[in-house]
Amino acid sequence: MNINFEYHEVAASPRLEAFVAEKLNKLENKYDSIVGADVYFKKENTSNPEIGKICSVRLSMPGPTIFAETSTASFEASVAKVITELRSQLQKRKEKLNSH
1 MNINFEYHEV AASPRLEAFV AEKLNKLENK YDSIVGADVY FKKENTSNPE
51 IGKICSVRLS MPGPTIFAET STASFEASVA KVITELRSQL QKRKEKLNSH
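Given below as structure tokens:
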């Protein structure tokens, strides 16, 4: 799987990239139709300290792309939430395909 990382107003982090790559590879092992992923990290100026670090992931696969985005206090927590959302979307798609 090809993973592209983009950072907006955030310094690039090899540790964060390795963390995301590990999580996405686990998804790819379970759902083999994933071709690639675009991962975006953004920092948003907010007065609320519990949000502002945004992680967005777009999965490329046959059919419509799958997208999830979340904002929390840390990028690691945002990644964890995004992966959970992607997993549920992939499970729904897999069930839909298996029912036909």
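Those letters in the sequence shown? Residues 1 to 100, by UniProt numbering. Heads up, the beta-carbon is just placed ideally off N, CA and C, and yes, glycines get one too.
Exclusion of the five residues before and after Asp38 leaves Asn4 and Arg58 as the residues of its chain whose Cβ lies within less than 6 angstroms of its Cβ.
For a cut-off of 8 angstroms, the C-beta gap from Leu24 to Met1 is around 7 angstroms, short enough to register as a contact. Spatial neighbours of Val82 in its own chain (CB-CB distance under 8 angstroms, excluding positions within 5 residues in sequence) are listed in chain order as Cys55, Ser56, Val57, Ala68, Glu69 and Thr70.
Under the DSSP definition of a beta bridge, Val20 lacks any partner. For Lys42 against Val10, the beta-carbon gap comes to about 7 angstroms, under 8 angstroms, which counts as contact.
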